Structures are given as structure tokens and as C-alpha cells.
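These protein sequence lines are chains A and B, in that order. The numbering of the first sequence is numbering that gives the first Met the number 0, which starts it at 0 and goes up by one. The numbering of the second sequence is numbering that gives the first Met the number 0, which starts it at 0 and goes up by one.
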Amino acid sequence: MQTWITRHRNFLILLLVVFLQILMVGYQVKTGEGRLLRLWAVTLTGPALETATAIHSSISSTARGFLQLREQAERARKLEAEVHRLQVENQHLRARLMDIEQLVRFQQYLDQSPQKLLPARIIGRGTEPEPESVFIDRGASDGVKPGMGVIVPQGIVGRVVRVFPTVSQVLLATSPNFASGVVTGKHQAFGVLKGSGAFLCEMRYVPGEQEVEPSEPVYTSGFDRVFPRGLPVGWVKTVEPGNPFLKVTVELAALRTPLEYVLVILEGVHQALPRPEEARPFELSFLVPPQEDSEGSERELSFGALTDADRLYSLYQEIGELLGHTYGEGLPGSKPPEFNSLLAPGAQRQDLPAAQAGSNKLTPEPRQEMNQAGSIE
Amino acid sequence: MPVYSRAATNTLADLNRWIALGLIVFAVLFQVYSPQLVPVLSFLDLPLLVAIYLSMLKRSEVTGLFIGTGTGILQDAFSSHPIGIYGITKGIVCYFVTTISLKIDVDSPVTRFLLVSFFWVVHHLFYIIVAGALLGLVQPGQWSLDLKRALIHGIIGVTFYRVLDILRTVET
């Protein structure tokens, strides 16, 4: 027996321990006791658990805050990158919109203008220290010839100086080598626009007694045979008295902003200048086709609407009509009409047949085309 | 690779008793606290793993029994059921673990995996029987889930025991 107990001692101890625990469980179920061990266990480990919980809570809130901060920072960085991208895209779209608007203006101008114009794109600038010339993508193969004027709807740009097969060089109006005949819109003061290397040009040879106002619009006079009459140039900036000529500076309208597209005048058509009261110097204006005179209209064109050559031409034409003479006809040696003994500007035409009587006022030809040689056809 | 084979060297490493006690307390507290951090860890019975490991190191079944019983009772102190349920189940499990460890080499990872998985199932079975017989608690059977838990305990046990092996001192 003792041997059996000894041999199975461990197993018996197991059974004993299990049995005692069963009794302990039964006792606890019956009486509800067993609090002592729990009290000790929980009391001893409670502070450690509380400390661990506090540390964990602190660490986790810090970590959460850090992660949130990082997340916010990442989000802010992404938003910033997105804003930057949108700003760049916005700038790009604005530039494209400006291009499109410019092209629309160009197209409207092309549709409305009586001139024969050739659109061109600026592809390069001259290598001078101060840009005085540009290159356009139109050349001899497109019909461009030296001396042709180059404009944009806002005003004159320059003059073609060299022509290559597919490229042309344009001298800008700001160049000191550039000159153009101009006239002011209000007081009809004629002068020569001379580039000075900047956007302010000089208007030379304006008589000292001529009246010129600042902010007065300036147009091309057509005298230089490069630009037809009536193209906007800019406006008078300053006027200083001088002897014998005034010192007038003109601010160009076309070259204030960078240009990308221009128009080459292949065939120019003289235009009527706007009335002084209609001229709005600071508003960029399109050229409009000249208004056709209605029958019996007493409208008086402004003095500056005609050049001297135009007036002389009109006079001789009227004389020819009155005398029944056709120019270019008649055999050599035949008697010419009596130009001097007949009509003079302002003279009364009472002796003339009624059908041939005209108004005292000079009426311009509705439209005169100017060829490239500068003579009027 | 260091060899901790008991049969090979007999200088095997045992854990310092205070370290062992600290391990048991840590394991119980870990089971109390870790589900707060990681809820999925609520299924992990770390005290059982520690008790099995400590039992494997002992050469006396009674020592293993008392290790299991003590661990179980400490675990019962933080539970809602009467003290002694885990004491009974863990005591029985650790007794047999020690019995087996005296006969086979329990230091190889495969043996440890099989041992831990098997005795987790045994522990769970005894818990159902004791809780049902003494407390009238009837737990629904989820054998597929329990099998998965057993295997997971086996994997965790192998890894955990490799870490605990570092704490073992070499006796000369």
C-alpha cells in the first residue's frame, strides 16, 4: 500500500489539490466569499494597472495628436500643392483666354476692316540692346514687301524693313529709326511721329502756334504712304511750348502690352477720322468702315479727312465734270480745258448749269485705295 | 545556434524563481490590460503559455502542478467566476506537461508547438467541464474557432519561448 502511494504520490497530490480547489469553489458559490484573495490581488496590482493606463492614455493622446498634426500637415501640404497647381493652371488659362480674346479681336478686326490685312505671328525679336525690331512669320512668299505697315487693332506697330522668303523683319514704332506721319484727332495738328526707344514717342514739326492738348488722340495722317489715314497711334502725353515747333510726346497705344500677333497691311484704305467729340482717347477703338453719305446730306467732313493731294484731285475732277472734259482723252496738241479761269475753291457756281452745281463743301471720294507706291489710284 | 537541450548538456538552464514569479504576474496583468490596447488580444491566454513553459523546465510533476495552480488562482482573482476554476484547469494541464517533459525533448520548436496547441485544447476542455459541472456554465461549442486559437497559441508559444530562453541562466 505504501509502495503504491509512494509510486503514485504525485498523482495523488494532483487529485488532492484538485479536490481542495473544488471544495474552495463550492464554498465560494455557497457563501459568496473569496473576496480576500481578490482584494489582495486587485489592490496590489491596481496602482500598476492605473499607472499603465495613465501612461498609455498619455502616450496614445500624444501619439494621436502627433499623427493628427502630421495628417494635418500632410493635408496642408497637399492643399498647398493643389492651390499652387490651380494657380499655375489659372495663370495658364488666363493667358490662353487672353490669347483667345486677342484672336477674336483680330478676327473681328479682319472682318470689319476695309484694309487688306495679313495676319502674322511674332516669332522673334531683334538682338539690339533695346528691342527695336521683331521678326514675323510672313515673308515674300506671303506677299509681304518692304515698307508695308504693321498694325494691331489697338494701333500701329511698325514697318516692314526686310523681307525674306518666309520671315520678315519689322521695325517697331519705338525705334529711333522709325517715323510716320500723324495727325491729332481734335485740333488736326499734323506732325511726324518719331520713335525714341521707349513707349513715349516724339511728335515733331508741329508748328508752335498749333493747338495741341494732352490726352488728345493721335491718328495716322496717310502722308507717309505706309499707313493709311485714320489708324490709331496713341494719345498726346505732354505738350511743351517751343519755337518754332512744339515739343509733343505721344504715348503709343499698341506697344503697351507684349504682342504675339500682328497684321501686315497689304493694301491700305484711307479712313475717316472720328469726330473730335466722338474721339475717346483712352479707349482702344477699332477702325470702322467709312459711312456712306446719304443723298442730300449736309454733313461736313472734318478738315483733316483729306490730304492736299486728295483735295486737289477732287477739284480737278469736278472741273473736268463741269467742263465735260475726260482726262486722258484728246489728241496731242489739242487745247486743254481752262482750269484757271473756271472753278476755284469757294467760288460761286451760279453760271453753271444746275445739274452740274455742286455743294460748296468738298465731298470726299467714298473710298480711295492706296497702292504700295504711295500714289492714289 | 545555442542548444538548450536538457538531455544534451544537463546544464540547462532554469529560470530564476523571482524571474519566474515576475513572469507569472506579468502574464496575468498582461491578460488584464492588453485587451484595452488591442482588443483582439483578449483571446490570448498568456498565463497558460507561461505556466506551460515554467512547467516544462521542472523535473517534478508536483512543482508543475503548483505552478499551474498558482497561476490559475492568480488569474481567477481578476475574473468574475469563483477562485479555483483556472486553478484546477491549469494545475491539471501543468502536471501533465511536466510529466511529458520528463520523457521527451521539449525544447525543439515542433515539440513545443504541438505541446502548446494540444494542451490549450485540453485546458479549454477542462474549463468547459469544470465550469459546467461546478458553476452550471454552458458554453456553446465553437470547435473550428477553438482549433484556430489552439494553433495560434502554438505559434505564439514557440516564438514567446524563444524569447524566454534568453532569460534562462546556464548552470555549471
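Heads up, the beta-carbon is just placed ideally off N, CA and C, and yes, glycines get one too. Computed from a predicted structure; not experimentally measured.
Contact belief for residue i with residue j at Cβ below 8 Å, rounded distance in angstroms
i                 : j                 : result
Val-169 (chain A) : Arg-158 (chain A) : 7 Å
Gln-187 (chain A) : Arg-228 (chain A) : Not a contact, Cβ separation roughly 12 Å.
Gln-30 (chain B)  : Leu-45 (chain B)  : 5 Å
Val-261 (chain A) : Val-156 (chain A) : 5 Å
Tyr-52 (chain B)  : Leu-163 (chain B) : 6 Å
Val-149 (chain A) : Val-263 (chain A) : 5 Å
Val-205 (chain A) : Val-247 (chain A) : 5 Å
Glu-250 (chain A) : Phe-198 (chain A) : 6 Å
Pro-273 (chain A) : Ala-252 (chain A) : Between Ala-252 (chain A) and Pro-273 (chain A) the Cβ distance is about 14 Å, and since that is not below 8 Å, they are no contact.
Glu-215 (chain A) : Trp-234 (chain A) : 6 Å
Pro-81 (chain B)  : Val-17 (chain A)  : Wrong, their Cβ atoms sit about 14 Å apart, outside the cutoff.
Ile-155 (chain B) : Leu-43 (chain B)  : 7 Å
Residue burial classification, residue i (beta-carbon count within 10 angstroms, cutoff 16)
i                 : result
Phe-153 (chain A) : Residue identity check: residue 153 (chain A) is Gln in the sequence provided, not Phe. Classification of Gln-153 (chain A): buried, given that the 10 Å Cβ count is 16 or more.
His-83 (chain A)  : exposed
Ala-19 (chain B)  : buried
Glu-60 (chain B)  : buried
Ser-60 (chain A)  : exposed
Ser-100 (chain B) : buried
Val-87 (chain A)  : exposed
Ala-353 (chain A) : With a pLDDT of only 40 at Ala-353 (chain A), under 50, the local geometry of the prediction cannot be trusted, and the value read off the model is given with reservation. Exposed: under 16 other Cβ atoms inside 10 Å.
Asp-75 (chain B)  : buried
Asp-106 (chain B) : buried
Glu-377 (chain A) : Nothing can be reported for residue 377 (chain A), as the shown portion of chain A is limited to 0 through 376.
Ile-66 (chain B)  : buried
Glu-131 (chain A) : buried
Tyr-94 (chain B)  : buried
Contact set between residue i and chain A, taken where Cβ atoms lie within less than 8 Å
i                 : result
Ile-91 (chain B)  : Leu-13 and Val-17
Thr-172 (chain B) : Only positions 0 to 171 of chain B appear in the structure, and residue 172 (chain B) is not among them; the question remains open.
Tyr-126 (chain B) : Result: empty, since nearest Cβ-Cβ is about 13 Å, beyond 8 Å.
Leu-36 (chain B)  : His-55
Contacts that residue i makes with chain A (C-beta to C-beta distance below 9 Å)
i                 : result
Ile-84 (chain B)  : Gln-20 and Val-24
Tyr-160 (chain B) : In chain order: nothing, as chain A lies at least about 24 Å away.
Ile-87 (chain B)  : Val-16, Val-17, Gln-20, Ile-21 and Val-24
Same chain, Cβ closer than 7 Å to residue i, neighbours up to 5 away in sequence not counted
i                 : result
Val-103 (chain A) : none
Leu-150 (chain B) : Ser-116
Val-157 (chain B) : Pro-108, Arg-111 and Phe-112
Leu-166 (chain B) : Leu-14 and Ile-18
Contacting residues, own chain, Cβ-Cβ under 8 Å from residue i (five flanking each side not counted)
i                 : result
Arg-161 (chain A) : Pro-145, Ser-167 and Gln-168
Tyr-126 (chain B) : Ile-84, Tyr-85 and Thr-88
Met-0 (chain A)   : none
Gly-241 (chain A) : Gly-207
C-alpha distance - residue i paired with residue j, whole-angstrom precision
i                 : j                 : result
Ile-72 (chain B)  : Arg-76 (chain A)  : 56 Å
Thr-44 (chain A)  : Glu-79 (chain A)  : 51 Å
Val-49 (chain B)  : Ala-26 (chain B)  : 7 Å
Ser-179 (chain A) : Leu-330 (chain A) : 42 Å
Phe-77 (chain B)  : Tyr-32 (chain B)  : 11 Å
Val-217 (chain A) : Lys-236 (chain A) : 10 Å
Leu-96 (chain A)  : Glu-81 (chain A)  : 22 Å
Gly-345 (chain A) : Pro-175 (chain A) : Unreliable positioning characterises Gly-345 (chain A) in this predicted model, as indicated by a pLDDT of 49, which lies under 50. The coordinate reading is nonetheless provided below. Near 42 Å, if we compare the C-alpha coordinates of Pro-175 (chain A) and Gly-345 (chain A).
Val-309 (chain A) : Gly-221 (chain A) : Checking the sequence shown, residue 309 (chain A) turns out to be Asp, not Val. Answer to the nearest angstrom: the Cα atoms are 11 Å apart.
Leu-245 (chain A) : Gly-207 (chain A) : 5 Å
Arg-137 (chain A) : Ile-121 (chain A) : 9 Å
Ala-132 (chain B) : Leu-11 (chain A)  : 21 Å
Ala-72 (chain A)  : Leu-66 (chain A)  : 9 Å
Ile-23 (chain B)  : Gly-64 (chain A)  : 35 Å
Leu-36 (chain B)  : Ser-79 (chain B)  : 21 Å
Thr-219 (chain A) : Leu-117 (chain A) : 19 Å
Gln-90 (chain A)  : Gln-101 (chain A) : 16 Å
Under 7 Å from the C-beta of residue i: neighbouring residues of chain B
i                : result
Thr-44 (chain A) : Leu-28
Asn-9 (chain A)  : Glu-60 and Val-61
Ala-51 (chain A) : Tyr-32
Within chain B, partners of residue i - CB distance below 8 Å
i                : result
Ala-47 (chain A) : Leu-28
Val-28 (chain A) : Pro-81, Leu-133 and Leu-134
Ala-40 (chain A) : Leu-73, Ala-76 and Phe-77
His-91 (chain A) : Those within 8 Å of His-91 (chain A) in chain B number zero; the least Cβ separation is about 51 Å.
Sequence-distant residues of the same chain with beta carbon closer than 6 Å to residue i, five excluded per side
i                 : result
His-152 (chain B) : Val-115 and Trp-119
Thr-97 (chain B)  : Ser-54, Lys-57, Glu-60 and Gly-63
Gln-107 (chain A) : none
Ala-139 (chain A) : Val-162 and Pro-164
Ser-41 (chain B)  : Pro-34
Gly-123 (chain A) : Phe-134
Pro-243 (chain A) : Gly-207
Tyr-160 (chain B) : Tyr-52 and Arg-111
Gly-194 (chain A) : Ala-172, Thr-173, Ser-174, Pro-175, Phe-177 and Cys-200
Thr-171 (chain B) : Since pLDDT at Thr-171 (chain B) reaches only 43, below the 50 mark, its modelled position is unreliable, and no value is offered.
Chain B residues whose Cβ lies nearer than 9 Å to that of residue i
i                : result
Leu-36 (chain A) : Ile-72, Leu-73, Asp-75, Ala-76 and Ile-82
His-83 (chain A) : None at all; the shortest Cβ gap to chain B is about 41 Å.
Listed by chain order, chain A residues near residue i by CB distance under 7 Å
i                : result
Tyr-94 (chain B) : Leu-13
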